[in-house]
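> In UniProt numbering, the protein residues as written are 1 to 219.
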Amino acid sequence: MEKIKGIIFDLDGVITDTAEFHYLAWKKLADKLDIEIDRDFNETLKGVSRTDSLERILAYGGRSDDFDAQEKVEMAEWKNEVYKEMIEAITPNNILPGIESFLKELKEAGIRTAIASASKNAEVILRSLGIRDQFDYVVDAAKITKSKPDPEVFLKALELLELSADVCIGVEDAASGVDAIKDAKMRAVGIGDAEILGRADLVLASTASLQLKQLQNID
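As structure tokens, this is what we get:
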């Protein structure tokens with residue numbers, strides 16, 4: 001590929017792991033609704049917006065038609081308040097392995113960076129981690145209308161970076177996110193299981209393996 005000029009990251013599962021906090025907050029809501037969810041089900045919510053996650057939970061519990069639009073808004077907001085209380089405990093110690101050194105490597109190489117996450121709390125989380133200044137842009141998830149696997153959030157990141165897809169790489173830990181990267185016409189790096197992230201151009205078992213040299217060798 002051409003020389004890399006930009007790297008666009010997902011947040012949850014790539015920069016830090018807030019999946020457990022999301023799960024616990026959704027589980028609290030599901031329990032209130034007499035819907036039983038577990039961690040396996042929570043995997044299907046990775047990279048999915050808050051609204052769409054709620055719809056999936058309601059459908060899973062057979063309760064999609066039990067609430068009107070306003071009630072669903074209130075439920076999603078309730079879940080988010082529970083989640084925000086939980087993430088107040090996040091510190092720089094919660095940055096995933098290898099991320100800080102990789103971001104430093106990118107800065108030194110003059111490569112631009114952005115966060116493309118479904119999380120409306122991305123700015124808060126990055127500040128709690130102490131690395132907000134390491135990213136040129138954070139896409140405002142509140143202005144994104146379509147969840148991954150739709151490429152909208154990555155296309156917006158490209159727009160903010162003022163870079164073309166052929167000189168950028170996306171980094172994701174969810175299959176829906178990898179699909180979004182590929183549909184945005186970028187190269188994709190997956191973090192996790194190669195069987196799940198099959199569309200990725202490169203799959204790494206851990207963020208600890210992220211190195212610029214390795215990414216530059218992607219065809």
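Note that the Cβ used here is the ideal one computed from N, Cα and C, for glycine as well.
With DSSP collapsed to three states, give me the class of Phe9.
Here residue 9 refers to the residue found at position 9 of the sequence shown. DSSP places Phe9 in strand when its eight states are reduced to three.
> Per DSSP, what kind of secondary structure is Arg39 in: helix, strand or coil?
What you label residue 39 is simply residue 39 of the sequence shown in a count that begins at 1. Helix.
> Pull up the DSSP beta-bridge partners for Gly190, would you.
The residue labelled residue 190 in the question sits at position 190 within the sequence shown. DSSP output for Gly190 lists Glu172 and Val203 as bridge partner(s).
> Does the beta-carbon of Leu103 have 16 or more other beta-carbons within 10 angstroms, so that it is buried, or is it exposed?
As a working note, residue 103 is residue 103 in the sequence shown. The residue in question, Leu103, is buried, as its Cβ has 16 or more Cβ neighbours within 10 Å.
> Excluding the 5 residues preceding and the 5 following Asp193 in the sequence, name in chain order all residues of the same chain whose CB lies nearer than 8 Å to its CB.
Here the question's residue 193 lines up with position 193 in the sequence shown. Result list for Asp193: Val203, in chain order.
> For the alpha helix (DSSP H) containing Arg112, name the first residue and the last one.
Here residue 112 is taken as the residue at index 112 of the sequence shown, counted from 1. Where Arg112 is concerned, there is no enclosing alpha helix (DSSP H), although the beta strand (DSSP E) it sits in stretches over Arg112 to Ile115.
> So, at 6 Å on beta carbons, what are the nonlocal neighbours of Leu126 in its own chain, with the 5 sequence-adjacent residues on each side left out?
On the sequence shown, residue 126 is found 126 positions in, with the first residue counted as 1. So the qualifying residues of the chain are Arg132.
> Count the other C-beta atoms from every protein chain shown that fall within 10 angstroms of the C-beta of Glu172, then say buried if there are 16 or more, exposed otherwise.
Position 172 of the sequence shown holds residue 172. With 16 or more Cβ atoms within 10 Å of its Cβ, Glu172 is classed as buried.
> With a CB to CB cut of under 8 Å and the five nearest residues on each side skipped, what residues in its chain are close to residue 242?
This structure does not reach residue 242, given that the chain is present from 1 up to 219, and the question cannot be answered.
> Do you know how far the Cα of Gly47 is from the Cα of Asp179?
Looking up residue 179 in the sequence shown gives position 179. Looking up residue 47 in the sequence shown gives position 47. In a straight line, the C-alpha of Asp179 is about 11 Å away from that of Gly47.
> So the candidates are Asp219, Leu212 and Ile218; which of them puts its Cα closest to the Cα of Glu105?
On the sequence shown, position 105 is the one that residue 105 refers to. Looking from the CA of Glu105, the closest CA among Asp219, Leu212 and Ile218 belongs to Leu212.
> Can you list, in chain order, the residues of its chain with a C-beta nearer than 7 Å to that of Met186? Leave out the 5 residues immediately preceding and following it.
To locate residue 186, count along the sequence shown from 1; it is residue 186. Only Phe154, Ala165, Cys168, Ile169 and Gly170 meet the Cβ criterion.
> Are Ser147 and Asp52 touching if we call contact CB-CB under 7 Å?
Walking along the sequence shown from the start, residue 147 turns up at place 147. Walking along the sequence shown from the start, residue 52 turns up at place 52. Yes, Cβ-Cβ distance for Ser147 and Asp52 is below 7 Å.
> Let me check one thing: in DSSP terms, what residues is Val82 bridge-paired to?
Along the sequence shown, one-based indexing puts residue 82 at 82. None, per the DSSP bridge assignment.
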